[in-house]
Each structure stands twice: as structure tokens, then as C-alpha cells.
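Peer 1: The UniProt record's numbering puts the first residue of the sequence shown at 1, with every later residue one more than the last.
Even glycine gets a Cβ: it sits at the ideal position worked out from N, Cα and C.
Just so we're clear, the structure is a prediction, and the values are computed from it rather than from any experiment.
Take this structure first; my questions come after.
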Amino acid sequence: MGKNFYKIGMAVLLACTALEGNAQRFFSVVFDQLPRNFQLYARNESNEAAIPISGGIELAGWSHMSVVTFRNGQRISYQRSGIQYATGSAKGTFSMAPQIKAELAEYSFEVYANKNATDSVLIVRRDDVVAGDFYVINGQSNALAVGGSNFSSEYCRTIGRIPDNSPAYSPADTLWIRSGYSFPNVGIWGIELQKMIMEKYGIPTCVLNGSIPGTRISEHLLSQPNTPATIYDLLRQRITLSGAQRIRAFFWLQGEDDALSGPDGFDGYDQKFDQLHRMWQRDYPMVENFVVMQINILFNRYYKAGALRDFQRRTGELYPKTLNFATVGLPYYDGVHYEREGYLALAKQLFGFISPLFYGTPEDPNRKSPTIRKVFYTSPDKKAITLVFDEGQKMMWPQDTLVADRNGVMKKLGGSSWFFLDGNEAQAAPIASYEVQDNRIELKLTSAVTARTLNYLPAYTNVDVFPIFPGPFLKNKNGLTAFSFHEAAIADPLAIAGFKSEPQATGGGTTVGLSWQPVAADGIKYQLERKKTGEGNFSKVAQYDEKSVSFVDKGVEPNTSYTYRVKAVGTTSESPFVELEVRTETILTLFPPQVLSWTAFPNPTRNFVVVRFEAPVSGRLSLFDLNGILRLSSDLTQTVETTLSLASLAPGKYILVFHNGQGERSSAQLVVE
Numbered sequence: 001m002g003k004n005f006y007k008i009g010m011a012v013l014l015a016c017t018a019l020e021g022n023a024q025r026f027f028s029v030v031f032d033q034l035p036r037n038f039q040l041y042a043r044n045e046s047n048e049a050a051i052p053i054s055g056g057i058e059l060a061g062w063s064h065m066s067v068v069t070f071r072n073g074q075r076i077s078y079q080r081s082g083i084q085y086a087t088g089s090a091k092g093t094f095s096m097a098p099q100i101k102a103e104l105a106e107y108s109f110e111v112y113a114n115k116n117a118t119d120s121v122l123i124v125r126r127d128d129v130v131a132g133d134f135y136v137i138n139g140q141s142n143a144l145a146v147g148g149s150n151f152s153s154e155y156c157r158t159i160g161r162i163p164d165n166s167p168a169y170s171p172a173d174t175l176w177i178r179s180g181y182s183f184p185n186v187g188i189w190g191i192e193l194q195k196m197i198m199e200k201y202g203i204p205t206c207v208l209n210g211s212i213p214g215t216r217i218s219e220h221l222l223s224q225p226n227t228p229a230t231i232y233d234l235l236r237q238r239i240t241l242s243g244a245q246r247i248r249a250f251f252w253l254q255g256e257d258d259a260l261s262g263p264d265g266f267d268g269y270d271q272k273f274d275q276l277h278r279m280w281q282r283d284y285p286m287v288e289n290f291v292v293m294q295i296n297i298l299f300n301r302y303y304k305a306g307a308l309r310d311f312q313r314r315t316g317e318l319y320p321k322t323l324n325f326a327t328v329g330l331p332y333y334d335g336v337h338y339e340r341e342g343y344l345a346l347a348k349q350l351f352g353f354i355s356p357l358f359y360g361t362p363e364d365p366n367r368k369s370p371t372i373r374k375v376f377y378t379s380p381d382k383k384a385i386t387l388v389f390d391e392g393q394k395m396m397w398p399q400d401t402l403v404a405d406r407n408g409v410m411k412k413l414g415g416s417s418w419f420f421l422d423g424n425e426a427q428a429a430p431i432a433s434y435e436v437q438d439n440r441i442e443l444k445l446t447s448a449v450t451a452r453t454l455n456y457l458p459a460y461t462n463v464d465v466f467p468i469f470p471g472p473f474l475k476n477k478n479g480l481t482a483f484s485f486h487e488a489a490i491a492d493p494l495a496i497a498g499f500k501s502e503p504q505a506t507g508g509g510t511t512v513g514l515s516w517q518p519v520a521a522d523g524i525k526y527q528l529e530r531k532k533t534g535e536g537n538f539s540k541v542a543q544y545d546e547k548s549v550s551f552v553d554k555g556v557e558p559n560t561s562y563t564y565r566v567k568a569v570g571t572t573s574e575s576p577f578v579e580l581e582v583r584t585e586t587i588l589t590l591f592p593p594q595v596l597s598w599t600a601f602p603n604p605t606r607n608f609v610v611v612r613f614e615a616p617v618s619g620r621l622s623l624f625d626l627n628g629i630l631r632l633s634s635d636l637t638q639t640v641e642t643t644l645s646l647a648s649l650a651p652g653k654y655i656l657v658f659h660n661g662q663g664e665r666s667s668a669q670l671v672v673e
């Protein structure tokens, strides 16, 4: 270390070590970028993070700045940056960015000012820096999820302060600390999510929770950026201070207070959310996914609470970079909040939800809460309703169960208990039975209905019967509960008309021509399937483009019975399958007609046919029926034209074959009337 610089540095240190705005001064070095102790940096797609170290030095004549990187106390790299002085200036600038891996390891950095190759002085050291993922949680009490936890790890972090006697949020909540013991609290499901990510994937995380219990959405809209004291501004300040360049997910769990408060709460909720989402997009461009979570069923008798939940379900369709997740059906629910085990169950479900998004696990639609995509009458008689959920979902119908009401009387409840027609939640829909196939559920009714809307799950629980909503719930194969939906329109079924076939034999083989009338509806595609005699299941017809209203099926066998079926699939409805039985014709042997050039006329004909060749030929002319039976034959010797009598043949289709004796054959279809 250079003694002269050491003396100068110490003198300057005594004079000033204060912060200048966001800058950090040490001696005559002012950093505009420098890691803090215990800071987490967002990892990139290469599972690394660059740690920016840059600023200026206010002394002339220095060669370079350097940084030594340590991993768990072991030196692993050295990097230097030449100091750039402007002409005639005593102030120079520098910039470095050592790389670290996102792993369960802590990194330290020693930054030196270098007079020359041998003269240097340590300016600052930073410890316990990691790379990993950022998450944000916002909302009210179920987002905050306050509760004790014995878990703590240096790889699960937040920004806040050590808990003290003051419950108030403060602009001073700016320390990088462990999330296991912090204020603001990360929450039970927040820290459990961190724990699972660390244990399964070995990635450090930082969770910033800005939730406040008992708050309506309007309170989250308040903002005074110059004097941050609102919910929105204090969270934004912490996110800004974190330096997060990439936030994996921003979880929003809020709406209970709005749903419980009556018209003052739920009226206009969608407009207020729209304003809030625009603020998020403006202030948090680094967020990859906003995850809007549908709240659970509450107790106040407000029918529009169901509409609020339904809006939350639909936000993924309405807003960019927005996903959805359902909390209905979570266990250990007390009617508003959850016991610790309920929040742990939420963390487990969310862990499965985000794992394919960020941690490379195989994609599975059943990691998501099933959401309804369309509801329509199965057939024109309106005795059944079909529900279609997300593609790939494997839906599970709940078993009937006995539940004690508030008076201790056992009541039988099942999946059919919680469907309601035209908003009448006093009476369940008249469901006689159900059929589940993958992502589709058909509700078979006891009688025809004329309803125009369908609700799944009530807007509120009837506390006179069940103080806490008991379920049971529709779930997928992974146990995730389907979103409730409110006043989903029941579309009329589509209809296929004019489905017909034209089986035919050609010179190249047997084909079946199919056609039907087009269906007028939005986003129409057609599903064409077939099976042949002896096959149990239908299969999609290969090569069909799903859009045409005609198709020639060339992949069929001669003399074989097939059943075809077609349905129309639109954006909001579908048609029933329409079936058609077809038997293909028998071909004994078909040969390309271009081998020998000849024509047969008239065709169709009744009593005779003339066969004319372009040049004299020798060979045999044969006529077969479609069962392959020889009906007529004639030997030819240097013949240009011949006539065959057909008077003895029954009307029908036949195959005329010419064989020249050298192995060359050709054929054509002949119709006898």
C-alpha cells in the first residue's frame, strides 16, 4: 500500500465520509454505484448477476481502480478499470462490473484505488452479496399474512428494519436484512415461498411486502411522491432502493374490504384497479408478471361481491403481463383470514405455479387455477350445459360430503350444490348428473331450462346456514381449486347442417369426399374425426386444416365402413357432433391411366361402351364390379377401337382395366345406368 496515499486518504476520510444523495463517498472516491452489505442482485438468464461498481475520484494522477471478488471468503477474481480524466481536470471516472453466480454462496468485494502497479489503498469492502430473484407482495391482511416463523436464512432477504416498538411504516425502512425477522413483515406465505425456492432450486430471494391490513383499493391509489407516506409510495421507495432490475412476480391479494363494505367498496372496483395497474406499469417496468389473486367467499350479503371476484378472475385477459390465481378453497379458512397452515398451503400452490415460469420445471396447465373459458347449452333441447375450462386442465368433480350447519344438522353437499341460474342463488341449478372429460364438464339437467347466465359458487355464504363457506369445490388433478365465476353467459349451441359424403374410386385409389354448410359464428373451427368398423374411439382426421367446410379423405381403405363426425367450435359455443356412416368402394386393382393412352365412352352409359386407343394395341380388356368380380373380358390384337356390350350388367359402378401383356396396366371407372 502506498504510504503517501494512505496519509492523504486518512486526512480526507477525517474530513468527509458522508453520503451525497444516492452517492457514497469514501476518502476522495465518490461511488454512484456500489453494493450494500447483504444486498441481492437480480440474476439474468445465464443465472448470473453483474455487480456494478462505478463513480469518480477527485484526485489527479491515479492509474486505476480495482476490485477483488471473494466467494465464501475465498478470492476468486480480480478486475480493474482505468481512471479516465478529462483534459485539464483533476477528477476521473471509472466503472467495473464483476460477475457472480446465483447460488447459495455469499460474495464480498474489496475496492482499491491504485496509484501504480504496486501502490494501492483499500477504499471500501462490501460483504454478503448474492444474486437471485425478487418478488413483491401487495394487498391487505391475507397478503401480509402475519404470523410467527422459526425459519431464517441469509439467502431469504428483504428490505426493512429490525422490528421495534413502533408499528408505523417509515422512509427509514431501508436495511437489507433477513426476511425471517423484519418489519415490514414478509408474511407467512411470503417467507415459505422463499424457503421452498432456496431448498429446491438453490436460488436466493428478496421479497418486498407492502401490504396493509384492512385497506380498500382506493387507499392503494394514494400517492405523494415528494413526501412518501402512502402505501403506494412507501412500497415504491423500497423497490427503488432495492435496485431490482428484474422482478419475477408482483402478487396482488386484495379486495376483502371492498367486498365487505357494500356499494362504497365494490362499485367501481374495476375502474380503480385499472388506474392502479396503469401506475404499476409506469413505475415497475421491471416486473415480469403481475399475479392477481381471486379472494375467497365472504359473509356479508352483497351479491356484487361475486362480480368483484369475477373481475379479478378476468384481469389476466384484460391487462398485459398479468396472471391469475384463486384462493377459494384454501384450507384452514375462518371466513376472512387463514390459520398458519392455510397460508402454508397457499405458498405450496404458488410454488408449483411459478416453478415452470422461472425455474425450468416442465410446463403443466394443472399448476394453474382452472378458469372457465366458455359456457353453452350442449344441444338445442337445453337439457344440458357444457363448461369448458383452460386447455390441458384435468378437472375433478368433488365427492358428495356431509357438512354440519350452524345448528349441527348434517347436510349433504356436492359439486352440483353451487351452480346457480340467472343469479338466483337461493336455489341450485337442477343438475341430475354430470360428466367430466379432461377440461370439460357437462351438467345434465333434470329438465330443460331457458337461463341466460350461470354462477359457480355463491357471491357470499349464507351465515344463517354456514358461517364459513364449506365447499366442496371443483379442482384439477393437482388439487388447485377452480376460479369462481359470476353471471357467465350461457351461449346457444351451434349447429352443423348438410353433412354429406361422396365416396369414390379414382385412378389413384379410394377417397371419401366430405362437405357441410358453413357455420356463422366468431372464431369458428371444425373438428373432424373418424373411426372404422371395429374401432372403439374416434380419432382426428390427419391433414384436415380445421377451417374448410369440405375435405377429401385419401387415407381410407377400400370396401370398408367408416363413421365420420364433425362439430363446429366457436369462441363462445360449440355444436354437437353430427355423424355420418360411409362405406368405401372396392377396388380390385387400380393403375395409372397414363401408362397407355385410351378413352372409354359414353360414360356414364347403359348398354355398351366404346374403348378407343391412340395406337394399335394387343392385350386384354377386363371389366370388374366393385367387389372385384370379373364381369366381362375381351382379348385384343392390334386393335385401335373395340365395343363391349353391357346389356347383361346391373346398373352401378365398375372398373375397366387394360393389360397389355408386358406388365403395363391402366384403369378407369365406368358408370352403368
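By alpha-carbon positions, which one of 578, 527, 512 and 600 ends up nearest to residue 557?
Peer 2: Nearest option by C-alpha distance: 512.
Peer 1: In this structure, does DSSP put residue 410 in helix, strand or coil?
Peer 2: It is a strand residue.
Peer 1: In chain order, what are the residue ranges of uninterrupted alpha helix (DSSP H) at least 4 long that sit wholly in the segment 198-241?
Peer 2: Runs found: none.
Peer 1: Using CA atoms only, rank isn't needed, just tell me which of 538, 94 and 376 is closest to residue 580.
Peer 2: Minimum Cα distance to residue 580 is reached at 538.
Peer 1: Out of curiosity, what's the CA-to-CA distance linking residue 266 and residue 304?
Peer 2: Cα to Cα, residue 266 sits roughly 7 angstroms from residue 304.
Peer 1: Below 8 angstroms CB to CB, which residues in the same chain sit around residue 638 once its five sequence neighbours on both sides are set aside?
Peer 2: Within the same chain, residue 638 has close Cβ partners 616, 617 and 618.
Peer 1: Taking Cβ to Cβ, would you say residue 238 is nearer than 9 angstroms to residue 225?
Peer 2: No, these two residues do not count as a Cβ contact at 9 angstroms.
Peer 1: Give me the Cα-Cα distance between residue 458 and residue 499, rounded to the nearest whole angstrom.
Peer 2: Between residue 458 and residue 499, the C-alpha separation is close to 42 angstroms.
Peer 1: If you reduce the DSSP assignment to three classes, tell me which class residue 286 lands in.
Peer 2: Looking at residue 286 - three-state DSSP - the assignment turns out to be coil, as it is neither helix nor strand.
Peer 1: Report the rounded CA-to-CA distance for residue 174 versus residue 160, giving the unit in angstroms.
Peer 2: Using only the alpha carbons, I get a separation of about 5 angstroms.
Peer 1: Using the beta-carbon count (16 or more within 10 Å), is residue 363 buried or exposed?
Peer 2: Looking at its Cβ environment, which holds fewer than 16 other Cβ atoms inside 10 Å, residue 363 is exposed.
Peer 1: Looking at residue 490 and residue 420, is the spacing between their C-beta atoms short of 9 angstroms?
Peer 2: No, they are not a contact pair.
Peer 1: What's the gap between the Cα of residue 185 and the Cα of residue 101?
Peer 2: Roughly 28 angstroms separates the two Cα atoms.
Peer 1: Would you check if the distance between the CB atom of residue 411 and the CB atom of residue 405 is smaller than 9 angstroms?
Peer 2: Yes, the pair counts as a contact, with Cβ atoms nearer than the cut-off.
Peer 1: Any idea what DSSP makes of residue 263, helix, strand or coil?
Peer 2: In the structure shown, residue 263 sits in a helix (DSSP, three-state: H, G or I).
Peer 1: Check the DSSP bridge columns for residue 252 and list the partner residues they point to.
Peer 2: BP columns for residue 252 point to 138 and 292.
Peer 1: Ignore the nearest five residues each way along the sequence and tell me which others in residue 614's own chain have a CB closer than 6 angstroms to its CB.
Peer 2: These residues qualify, in order along the chain: 597.
Peer 1: First and last residue of the beta strand (DSSP E) that includes residue 31?
Peer 2: Taken as a continuous stretch (DSSP letters only), the beta strand (DSSP E) holding residue 31 covers 29-33.
Peer 1: Let me confirm a value: residue 408 is counted as buried when at least 16 other C-beta atoms fall within 10 Å, else exposed. Which label applies?
Peer 2: It is exposed - the Cβ of residue 408 has fewer than 16 other Cβ atoms within 10 Å.
Peer 1: I'd like to confirm the pairing. Which residues does DSSP put opposite residue 638 in its beta bridges?
Peer 2: In DSSP, residue 638 forms no bridge with anything.
Peer 1: Quick one: grab the DSSP three-state call for residue 175.
Peer 2: Note: residue 175 maps to strand in three-state DSSP.
Peer 1: Find out if the Cβ-Cβ distance for the pair residue 137, residue 273 is shorter than 9 angstroms.
Peer 2: No. Outside cutoff.
Peer 1: Do residue 126 and residue 35 have their C-beta atoms closer together than 9 angstroms?
Peer 2: It is a contact, given that the beta carbons lie within the stated cut-off.
Peer 1: Determine the direct distance from the alpha carbon of residue 231 to that of residue 67, and round the result to whole angstroms.
Peer 2: Computed Cα separation, rounded: 39 angstroms.
Peer 1: Counting Cβ pairs closer than 8 angstroms, one from the segment 421-441 and one from the segment 394-405, do we hit at least three?
Peer 2: Judged by Cβ distances under 8 angstroms, the segment 421-441 makes contact with the segment 394-405, as three or more pairs qualify.
Peer 1: Distance, Cα to Cα, residue 106 vs residue 129?
Peer 2: Answer to the nearest angstrom: the Cα atoms are 6 angstroms apart.
Peer 1: Between which two residues does the beta strand (DSSP E) harbouring residue 579 extend?
Peer 2: It spans 578-583 - the beta strand (DSSP E) in which residue 579 sits, taken as one unbroken run.
Peer 1: Among 344, 204, 75 and 308, which has the Cα closest to the Cα of residue 177?
Peer 2: Ranking the options by Cα distance to residue 177, first place goes to 204.
Peer 1: At a cut of 8 angstroms, does the segment 39-54 reach the segment 140-154 through at least three beta carbon pairs?
Peer 2: Taking 8 angstroms as the limit for Cβ pairs, the verdict is that the segment 140-154 does not touch the segment 39-54.
Peer 1: Give me the Cα-Cα distance between residue 655 and residue 669, rounded to the nearest whole angstrom.
Peer 2: C-alpha separation (whole angstroms): 5 angstroms.
Peer 1: When you compare each of 109, 86 and 103 to residue 97 by their alpha carbons, which one comes out closest?
Peer 2: The shortest Cα separation from residue 97 among 109, 86 and 103 belongs to 109.
Peer 1: Can you have a look at residue 555 and say buried or exposed, based on whether 16 or more other CB atoms are within 10 angstroms of its CB?
Peer 2: Per the 10 Å Cβ criterion, exposed.
Peer 1: Say whether the segment 146-156 touches the segment 186-203, bearing in mind that this needs 3 or more beta-carbon pairs closer than 8 angstroms, one atom from each stretch.
Peer 2: These segments touch.
Peer 1: Taking the alpha-carbon of residue 92 as reference, which of 29, 39, 120 and 37 has the nearest alpha-carbon?
Peer 2: Checking every option, the nearest Cα to that of residue 92 belongs to 29.
Peer 1: Assign residue 111 to one of two classes, buried (16 or more other C-beta atoms within 10 Å of its C-beta) or exposed (fewer than that).
Peer 2: Buried, because 16 or more other Cβ atoms sit within 10 Å of the Cβ of residue 111.
Peer 1: Report buried or exposed for residue 148, applying the criterion of at least 16 other Cβ atoms within 10 angstroms of its Cβ.
Peer 2: When all chains shown are included, residue 148 counts as exposed.
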